[in-house]
Amino acid sequence: YIEPHSATAWWTPQGKITIWGSSQGHFPVRDLTASVLGVDES
Numbered sequence: 101y102i103e104p105h106s107a108t109a110w111w112t113p114q115g116k117i118t119i120w121g122s123s124q125g126h127f128p129v130r131d132l133t134a135s136v137l138g139v140d141e142s
């Protein structure tokens with residue numbers, strides 16, 4: 101079984117980013133996404 105990879109993101113006007121994804125490696129995805137966007141991981 102191969103799971104499809106997908107994500108949905110919501111970036112509020114206040115600067116909060118919420119990302120929902122199907123990855124099992126959510127911490128590396130979080131770290132890389134924060135690095136690319138230039139924001140904190142938390």
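The sequence shown runs 101 to 142 under the working numbering. The beta carbon of each residue, even a glycine, is placed where N, CA and C say it ideally should be.
| request: On a CA-only basis, which of I119, S123, Q124 is nearest A134? Give me that one, please. | output: Put simply, of I119, S123, Q124 the residue whose alpha carbon is nearest the alpha carbon of A134 is I119.
| request: Could you tell me the boundaries of the beta strand (DSSP E) in which T112 lies? | output: That residue, T112, is in no beta strand (DSSP E); it is neither H nor E in DSSP.
| Identify the residues that DSSP records as bridge partners of T133: which are they? | T133 pairs with nothing; no bridge assigned.
| field | For I119, the residue or residues it bridges with in DSSP | value | BP columns for I119 point to A109.
| request: From the DSSP output, in three-state form, read off P128 for me. | output: Here DSSP, grouped into helix, strand and coil, assigns P128 to helix.
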